[in-house]
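**Student:** First the structure, then my questions, so here it is.
4 protein chains.
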Amino acid sequence: MAETKKDCNVALFGAGFMGRAHSNAYLNVAKFFDLPVRPVMHTVCDILGADAFAANWGWQHASTDWRATAAADEVDLVDITTPNHQHAPVAVAALEAGKHVACEKPLAGTLDDARAMKQAADAHPDQRTHVWFSYRGCPALALARKMVRDGKIGRIFHVRAQYLQDWAGPDVPLLWRFKGTESGSGAHGDLNAHIVDACCFVTGEQITEVCGAIMETYIKRRVIPESEAGNIKGATVGDKIEYGDVTVDDAVSFLARLSGGGSASFEATRLAAGRKNANRIEINGEKGSLRWDFEDMNWLWYYNVEDDAERAGWQKIMCTDATAHPYVAAWWPDAHILGYEHGFVNLASTLLKNIGGAADAVEVPAPTFQDAYETQRVLEAAVLSAQNRSWIDLSDVK
Amino acid sequence: MAETKKDCNVALFGAGFMGRAHSNAYLNVAKFFDLPVRPVMHTVCDILGADAFAANWGWQHASTDWRATAAADEVDLVDITTPNHQHAPVAVAALEAGKHVACEKPLAGTLDDARAMKQAADAHPDQRTHVWFSYRGCPALALARKMVRDGKIGRIFHVRAQYLQDWAGPDVPLLWRFKGTESGSGAHGDLNAHIVDACCFVTGEQITEVCGAIMETYIKRRVIPESEAGNIKGATVGDKIEYGDVTVDDAVSFLARLSGGGSASFEATRLAAGRKNANRIEINGEKGSLRWDFEDMNWLWYYNVEDDAERAGWQKIMCTDATAHPYVAAWWPDAHILGYEHGFVNLASTLLKNIGGAADAVEVPAPTFQDAYETQRVLEAAVLSAQNRSWIDLSDVK
Amino acid sequence: MAETKKDCNVALFGAGFMGRAHSNAYLNVAKFFDLPVRPVMHTVCDILGADAFAANWGWQHASTDWRATAAADEVDLVDITTPNHQHAPVAVAALEAGKHVACEKPLAGTLDDARAMKQAADAHPDQRTHVWFSYRGCPALALARKMVRDGKIGRIFHVRAQYLQDWAGPDVPLLWRFKGTESGSGAHGDLNAHIVDACCFVTGEQITEVCGAIMETYIKRRVIPESEAGNIKGATVGDKIEYGDVTVDDAVSFLARLSGGGSASFEATRLAAGRKNANRIEINGEKGSLRWDFEDMNWLWYYNVEDDAERAGWQKIMCTDATAHPYVAAWWPDAHILGYEHGFVNLASTLLKNIGGAADAVEVPAPTFQDAYETQRVLEAAVLSAQNRSWIDLSDVK
Amino acid sequence: MAETKKDCNVALFGAGFMGRAHSNAYLNVAKFFDLPVRPVMHTVCDILGADAFAANWGWQHASTDWRATAAADEVDLVDITTPNHQHAPVAVAALEAGKHVACEKPLAGTLDDARAMKQAADAHPDQRTHVWFSYRGCPALALARKMVRDGKIGRIFHVRAQYLQDWAGPDVPLLWRFKGTESGSGAHGDLNAHIVDACCFVTGEQITEVCGAIMETYIKRRVIPESEAGNIKGATVGDKIEYGDVTVDDAVSFLARLSGGGSASFEATRLAAGRKNANRIEINGEKGSLRWDFEDMNWLWYYNVEDDAERAGWQKIMCTDATAHPYVAAWWPDAHILGYEHGFVNLASTLLKNIGGAADAVEVPAPTFQDAYETQRVLEAAVLSAQNRSWIDLSDVK
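From first to last, the protein sequence lines are chains A, G, D and P. According to my numbering, the stretch in the first sequence is residues 426 to 823, in order. According to my numbering, the stretch in the second sequence is residues 426 to 823, in order. According to my numbering, the stretch in the third sequence is residues 426 to 823, in order. According to my numbering, the stretch in the fourth sequence is residues 426 to 823, in order.
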């Protein structure tokens, strides 16, 4: 364990894109937030080696041995950013070794893995678990949640959630993200996971039923990147180019019922040309509406049914007011907008406050393994609905 | 029949909101468009009487006798804007009397009525039928169709269509629109009808399967307007206010498959606070995307996958270029934007060109009874999907 | 004079673009508005002949004799849409003949002409004068005026007005609009006239000083349209193409002081690529702000300083509420948006109410010759400021 | 000097808002960019003491002695974020001590100070000078510059630049920013400095003439913050509240000529209710237009005159493509948007490349003292224009 109580030694698993985003969060979070513990960038672990990564970001150690790192005595917090099928083994081992555990989303590639992780968290209630649904760290989305809780929207009739991207056109090769064995799913786990979490986060409601779903792989075969040609099931050899089967979805959309009686729709796709990172949600209630799009992440739109007819209209709120908007006081003067990685820094502040026992200082809650398991159940229900061509009651998905 | 070949005597049925919109179209269309026949505002017929209406708009005659009007010798074109349950009797009678027949959407309140109308149209192939899906008359939506046909979008992956309104909050009384016996359905027939037509119009594809649907009445009872209290099934008597049961949906959303292999979602609601007339459609294809919202009806957004990465982005096209955009040459110089009723005037030009035998001058096709019957089948399939909690193949809906 | 008191016989001068816009207004205005007089489309007069125009629009007579028409006994209202240098002679003659006179903007091509028209109006105070600053007829701009009058904005600090178009690139030939003898000025009279009127209309203030101006002709020579080659001063003859001198401005921008102490900026140009019809105004006051752009003419943006910090933001008001927004009750149900020509129809309703003595029914005032003369003085002051390279006090411009 | 050649020891002056922004830049820049020197956070100097600031951000030393720090042997780079009137003495001393010098904008509070700094830079040509016009570090603005240089816009007709804020309403007390002795100017130096730099940066042109200006203090007296009551010229004593005179402008707007023949307008204000940080620029050229607003900093709008009429329209470019947009490759995968402080980090990368002699790796140039002096001359010309009520030729401002 760290030598002083105030230090929290972090071990990061995975030195890819998410590894960078988390490193940036640990580097910066204590500069902006007042925290009960000090994050120490102790060890980064990656099976391909992480020496250069450690040197660049200031991790004190680099390792290729995940079992040793997850159990190392000096480590307080294990943070997992590896491919989805590796989440469960690392998380369970770390929990059993007495660590706090944070994990990238989705919680796991399969519901079985997710359940195992949730059960491990249940078995170690004194250790914190944390899932990086990073958009909870966007002030605008957190403000939406606050306004719903404050009764600004009233009874919720509709949630309309989409996560649209466009990077997976037919020319994109067969990356690991297109292989079910590594990623578990495609757009569904990658993108729908975010918006299911956002829906429950903002509304405070649960999804009780999936009322229809379409799951589709539009680009069924892709070129195998050179290094892997010939090693993949389904690959064929042409004159110059080899193709392999895509084994995940490109797009999944589904309809759902909310516990408060409203309806919801969810859509994730990687084939919406022009939609770069359109993580969007709109909530329509009896007293008003809210909507948000990550592509314009600093703005929240609000409609108040009770405004005078003369002025009634969607209000475009720049969520940068230190006195009124979540997280903002930690950053710059009003009206200096934030970017993508601030979501991680903000969420890291919550994680470290929770670990430091300052739960009452937590402005915006971060999801636990238990919460993320609920999201995983919804994703599973959507898959079943698409496969069975019928509605699925969530109580039938365990 | 009209005294000169060039006149087309119109009989309008219904002197409400749509009666006004159609009157405006007949008054103005020949001022802007070069037509093979001249529309003559001959008779307006309404069971409540239409003398003042006729005087205001310049209809030569007013009648309360629908049977006589529909069969009158001098009438060339019967145009129906009455409540939905009256569409079929008037339309069938008029077709049998040898008239061309235009009808407001949805084609009918029930699939049985719609089928009867379609069969009557089949039986009189030399008479034109026409359904007022007026948004086809918006230049931007017509341009979207043209761009799809010209291959700008390529293979279609997704259609995302919504028609969101917000006028039906809990304080709105039990108008005829909330009574199934008069309207047939609620948001579904009123709004989804438009966007199903728009989807097929723009993409040139058909809907082959409904893959889940939610149909809901959120506000189940409404105050009975004073004149009707006590006359409505389900009404109860309180001290001062009487309530009646709402017998149509407030909102219907459904998922669907397109004949080209893509997926589509449709949502109609009257409870989306802040969405006033948000008739919206987005099409994502392999080569690009298009999107449109009636609230900004003069703009079409276009994304071209083949643009250089430096400049690639959604392009906001003001659809007011006389040399390049449908319908525009008839109106004002470039960049003088159009409004709601221009859709009717534009569609009226098509109707009158068709009646005058100038089909090759028709820039944008208007839907026939046969087309609208297909739309009605899709609406029926969505209802069945919501009721059965399962997918519905369109071939099972006759 | 018209046979019944209720008729108002209109004589229209000029059968071009504006002639069409006014014809449309007279055709439709009584269908939507309840008016004290009935507009009768009596005579259209154009030196090139207007028989076809009259037939198309339903004018009862066509004439080429402007003097006779302006003085004809049966005419009640003379409406002028001819080129700017013809405004004064027609208007003065008509006023002297006892007619009400409406005139397209700018009031005249020169300040001398404008003064003569204003003096003629002064001399005939019982006849109405009216200038077609048609954007006053847009509900959103009229709402902006109402909100300022109701104190929603408070003390005005800034007005930022622009009218940006892009149709006058180097390839556009030497049309009449580029010739000073016919048009009087370029973008200045055509576009700045509108936004100076809008500024005074919305704020209720006057312009007291011009504090700097730039007037420029960027494209100094243009191709002479074939029919006119060789007839224009400055033309030169090449192998195939002849050029002539542009004798008006392409763009004029100026700064000004408002009578309430605030500052204002105005900019008109025909060379703002991508700005099609961007007639825009923003008002910043102590209590709030308003902004509007004709390219999105149905929307008004409003910012209220007194809103809670949590929700404060620009509010996007769709100006289509019959109970709360000017002119709207005359048209369609809420949320059915209007277009360009509705401005003329709305303003025509004011003109006819004024003529019919129903001034107290006028919701939004239309400008008189006196008002438009004030606007013309501001335009003249801007020209003087650009020429003199110094500030110009409006009291020095008579 | 730093112990290894690769280290660059930084001394930061000023521990306020800008001190934080620069600290963040030095902390993060080497994590994302490949740099020829390593920035070392050596000393922070503030007259009020900076121990806590140093501890939070990781500065190795804290000092209150500016003279000693500016001349300290170990320091390689002096970076100045103090109030404007302190820029010159620190910068000149540091240059004379052989340091590279970076300075916040505006270069100085007065033109005399700016000239002294420019001359000191001239006298030490081997030392780098750098001014933090941080918006050059926004990818979208840097892309605009690139597109202009690549000829996408052609001959420039108009630049329309505004920097609008709203934080200075009548209730805001008499902060240092409202006192001329400390800040030199109000909105003019604070905001117009940015947009004059942006104009020259993007267009590559200079401003040759100021053609009119308005400079105004709308709120002439403000409440004195408690600590300072009685110490300020112009203060009066009431029962409870004391007021002092505001001695800077609230707003300055001016017109200008560009060296390429086009016209430009600039406006800075702190009284534009609802405009939070609206640093905006639009460039209209013969071949196209570009526009940008910092409130939506990740987007650049582009209009291409040569697009087909069918698709021509403003294109909304998300400037997050690593292959095509400046700075982006250093950060996250495509479509992960940046925030305010990234501008500083990006500009810091340029500063450190310049110091390390890797000028050919500089993608986007940062301004030198010489460049910023030119901007200061333009600001001075605007002041003179407002005072003299006439045009000012830049050649008359030295």
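A virtual CB, placed ideally from N, CA and C, is assigned to each residue, including glycine. Note that the structure is a prediction, hence the values are computed from the model and not measured.
For K645 (chain P), does the three-state DSSP call read helix, strand or coil?
**Tutor:** Taking the first residue of the fourth sequence as 1, we reach residue 645 (chain P) at position 220. Reduced to three states, the DSSP call for K645 (chain P) is coil.
**Student:** Tell me the residue span of the alpha helix (DSSP H) that contains Y798 (chain G).
**Tutor:** The sequence position of residue 798 (chain G) within the second sequence is 373, counting from 1. Taken as a continuous stretch (DSSP letters only), the alpha helix (DSSP H) holding Y798 (chain G) covers F794 to N813.
**Student:** What residue range is occupied by the uninterrupted alpha helix (DSSP H) comprising D432 (chain P)?
**Tutor:** Your numbering for residue 432 (chain P) matches position 7 in the fourth sequence. From DSSP, D432 (chain P) is part of no alpha helix (DSSP H) but of the beta strand (DSSP E) over D432 to F438.
**Student:** Would a check of beta-carbon distances place Q812 (chain D) closer than 9 Å to chain P?
**Tutor:** Here residue 812 (chain D) refers to the residue found at position 387 of the third sequence. No, Q812 (chain D) does not count as interfacial toward chain P.
**Student:** Taking DSSP as the reference, what is the three-state secondary structure of E766 (chain D)?
**Tutor:** To locate residue 766 (chain D), count along the third sequence from 1; it is residue 341. Three-state DSSP puts E766 (chain D) in coil, outside helix and strand.
**Student:** I'd like to confirm the pairing. Which residues does DSSP put opposite K741 (chain G) in its beta bridges?
**Tutor:** Within the second sequence, the letter at position 316 stands for residue 741 (chain G). DSSP output for K741 (chain G) lists G:W726 and P:W739 as bridge partner(s).
**Student:** Of all Cβ atoms in chain G, is any one closer than 9 Å to the Cβ of L568 (chain P)?
**Tutor:** Here residue 568 (chain P) is taken as the residue at index 143 of the fourth sequence, counted from 1. Closer than 9 Å to some Cβ of chain G, the Cβ of L568 (chain P) qualifies, so yes.
**Student:** Just list the residues that DSSP pairs D818 (chain D) with in beta bridges.
**Tutor:** For the purposes of this step, residue 818 (chain D) is taken as the residue at position 393 of the third sequence. Answer is D:E634, bridged to D818 (chain D).
**Student:** According to DSSP, is K823 (chain G) part of a helix, a strand, or is it coil?
**Tutor:** Position 398 of the second sequence, counted from the first residue, corresponds to residue 823 (chain G). Reduced to three states, the DSSP call for K823 (chain G) is coil.
**Student:** Please state whether DSSP places H555 (chain A) in a helix, a strand or coil.
**Tutor:** Translated into the one-based positions of the first sequence, residue 555 (chain A) becomes position 130. H555 (chain A) falls in the strand class under three-state DSSP.
**Student:** Taking 9 Å as the threshold (C-beta atoms), are G738 (chain A) and W743 (chain D) in contact?
**Tutor:** What you label residue 743 (chain D) is simply residue 318 of the third sequence in a count that begins at 1. What you label residue 738 (chain A) is simply residue 313 of the first sequence in a count that begins at 1. One detail in the question is off: residue 743 (chain D) reads as Met in this sequence, not Trp. Contact: yes.
**Student:** Along chain P, which residues have their Cβ under 9 Å away from the Cβ of G746 (chain G)?
**Tutor:** The residue you call residue 746 (chain G) lines up with position 321 of the second sequence. It should be noted that the sequence gives Asp, not Gly, for residue 746 (chain G). Per Cβ cutoff of 9 Å: A734, E735 and A737.
**Student:** Please report how far the alpha carbon of V808 (chain P) lies from the alpha carbon of L680 (chain P), in whole angstroms.
**Tutor:** Here residue 808 (chain P) refers to the residue found at position 383 when the fourth sequence is read from its first residue. Here residue 680 (chain P) refers to the residue found at position 255 when the fourth sequence is read from its first residue. Looking at the two C-alpha atoms, the distance is approximately 12 Å.
**Student:** Listed in chain order, which residues of the region 745-777 of chain G have Cβ atoms closer than 8 Å to some Cβ of chain D?
**Tutor:** T745, W757, P758, D759, A760, H761, I762, L763, G764, Y765, E766 and H767
**Student:** Quick one: what's got a C-beta closer than 7 Å to C433 (chain G)'s C-beta in the same chain, skipping five residues either side?
**Tutor:** Taking the second sequence and counting its residues from 1, the one referred to as residue 433 (chain G) is at position 8. Around C433 (chain G): A427, V462, R463, P464, V465, D501, L502, L777 and I780.
**Student:** Check the C-beta distance from N509 (chain A) over to G609 (chain A) and give it rounded, since I have them as a contact under 8 Å.
**Tutor:** Taking the first sequence and counting its residues from 1, one reaches residue 509 (chain A) at position 84. Taking the first sequence and counting its residues from 1, one reaches residue 609 (chain A) at position 184. At roughly 5 Å, the Cβ-Cβ gap stays under 8 Å, so N509 (chain A) and G609 (chain A) are in contact.
**Student:** If you scan the region 530-583 of chain P from start to end, which runs of the beta strand (DSSP E) of 3 or more residues do you find wholly inside it?
**Tutor:** 554-556
**Student:** Within the 9 Å Cβ cut-off, does F719 (chain P) reach chain D?
**Tutor:** Stepping through the fourth sequence from its first residue, residue 719 (chain P) is reached at position 294. Chain D contact via Cβ: absent.
**Student:** First and last residue of the alpha helix (DSSP H) that includes N702 (chain G)?
**Tutor:** Mapped onto the second sequence, residue 702 (chain G) falls at position 277. Looking at the DSSP string, N702 (chain G) is not in any alpha helix (DSSP H), and its letter there is neither H nor E.
**Student:** Between A:A791, A:A783, A:L819 and A:L763, which has its C-alpha nearest C563 (chain P)'s C-alpha?
**Tutor:** For the purposes of this step, residue 563 (chain P) is taken as residue 138 along the fourth sequence, with counting starting at 1. When each option's Cα is compared against that of C563 (chain P), the closest is A:L763.
**Student:** Under a Cβ-count criterion, where at least 16 other Cβ atoms within 10 Å of its own Cβ denotes burial, should G699 (chain A) be classed as buried or exposed?
**Tutor:** As a working mapping, residue 699 (chain A) is identified with position 274 in the first sequence. Buried.
**Student:** Beta-carbon of Q587 (chain P) versus every beta-carbon of chain D: anything under 9 Å?
**Tutor:** For the purposes of this step, residue 587 (chain P) is identified with residue 162 of the fourth sequence, where counting begins at 1. Flagged as an interface residue toward chain D: Q587 (chain P), by a C-beta distance shorter than 9 Å.
**Student:** Quick one: grab the DSSP three-state call for D622 (chain G).
**Tutor:** What you label residue 622 (chain G) is simply residue 197 of the second sequence in a count that begins at 1. Three-state DSSP puts D622 (chain G) in a helix.
**Student:** Determine the chain G residues that contact V573 (chain A) at a beta-carbon separation under 7 Å, and present them in chain order.
**Tutor:** By 1-based counting over the first sequence, the position of residue 573 (chain A) is 148. Neighbours of V573 (chain A) on chain G: none; closest Cβ ~13 Å, over 7 Å.
**Student:** Under the assumption that V673 (chain P) contacts S810 (chain P) (Cβ atoms under 8 Å), give the Cβ distance between them as a whole number of angstroms.
**Tutor:** If you number the fourth sequence from 1, residue 673 (chain P) lands on position 248. If you number the fourth sequence from 1, residue 810 (chain P) lands on position 385. Between S810 (chain P) and V673 (chain P) the Cβ distance is about 17 Å, and since that is not below 8 Å, they are no contact.
**Student:** I'd like the span of the beta strand (DSSP E) that includes T694 (chain G), first residue to last.
**Tutor:** Working through the second sequence from its first residue, we reach residue 694 (chain G) at position 269. Taken as a continuous stretch (DSSP letters only), the beta strand (DSSP E) holding T694 (chain G) covers S688 to T694.
**Student:** CB-CB under 7 Å to G553 (chain A), same chain, minus the five flanking residues each way: which ones, in chain order?
**Tutor:** Within the first sequence, residue 553 (chain A) is the residue found at index 128, counting from 1. Note on identity: in this sequence residue 553 (chain A) is Arg, with Gly being the wrong assignment. These residues qualify, in order along the chain: H525, N779 and I780.
**Student:** Just to confirm before moving on: does the CB-CB distance between K712 (chain P) and G576 (chain P) stay below 9 Å?
**Tutor:** Start at 1 with the first residue of the fourth sequence, and residue 712 (chain P) comes out as number 287. Start at 1 with the first residue of the fourth sequence, and residue 576 (chain P) comes out as number 151. Yes, the pair counts as a contact, with Cβ atoms nearer than the cut-off.
**Student:** Am I right that H829 (chain P) and L568 (chain P) are in contact with their C-beta atoms under 8 Å? What's the rounded C-beta distance?
**Tutor:** Here chain P covers residues 426 to 823 and nothing more, so residue 829 (chain P) does not appear.
**Student:** What span of residues does the beta strand (DSSP E) with H613 (chain P) cover, start to end?
**Tutor:** Taking the first residue of the fourth sequence as 1, we reach residue 613 (chain P) at position 188. For H613 (chain P), there is no enclosing beta strand (DSSP E), since its DSSP letter is neither H nor E.
**Student:** Counting along the chain, where does the alpha helix (DSSP H) carrying Y451 (chain A) start and finish?
**Tutor:** On the first sequence, position 26 is the one that residue 451 (chain A) refers to. F442 to F457 is the span of the alpha helix (DSSP H), which, as asked, contains Y451 (chain A).
**Student:** Drop a sphere of 10 angstroms on the beta-carbon of Q812 (chain D), count the other beta-carbons inside from all chains shown, and report buried for 16 or more, exposed for fewer.
**Tutor:** Taking the third sequence and counting its residues from 1, one reaches residue 812 (chain D) at position 387. By the neighbour-count rule (16 or more Cβ atoms within 10 Å), Q812 (chain D) is not buried but exposed.
**Student:** Hey, how far is the Cα of A734 (chain P) from the Cα of T694 (chain D)?
**Tutor:** Against the fourth sequence, residue 734 (chain P) aligns to sequence position 309. Against the third sequence, residue 694 (chain D) aligns to sequence position 269. The straight-line gap from Cα to Cα measures roughly 21 Å.
**Student:** According to the Cβ coordinates, are R561 (chain G) and D622 (chain G) closer than 9 Å?
**Tutor:** Taking the first residue of the second sequence as position 1, residue 561 (chain G) is located at position 136. Taking the first residue of the second sequence as position 1, residue 622 (chain G) is located at position 197. A contact, by the Cβ cut-off of 9 Å.
**Student:** Taking only runs that begin and end inside the region 469-501 of chain A, name each unbroken alpha helix (DSSP H) of 4 or more residues, in chain order.
**Tutor:** Segments of the alpha helix (DSSP H) lying fully in the region 469-501 of chain A: 476-482 and 491-496.
**Student:** Any idea if A784 (chain D) is buried or exposed, counting beta-carbon neighbours within 10 angstroms, 16 or more meaning buried?
**Tutor:** On the third sequence, residue 784 (chain D) is found 359 positions in, with the first residue counted as 1. With fewer than 16 Cβ atoms within 10 Å of its Cβ, A784 (chain D) is classed as exposed.
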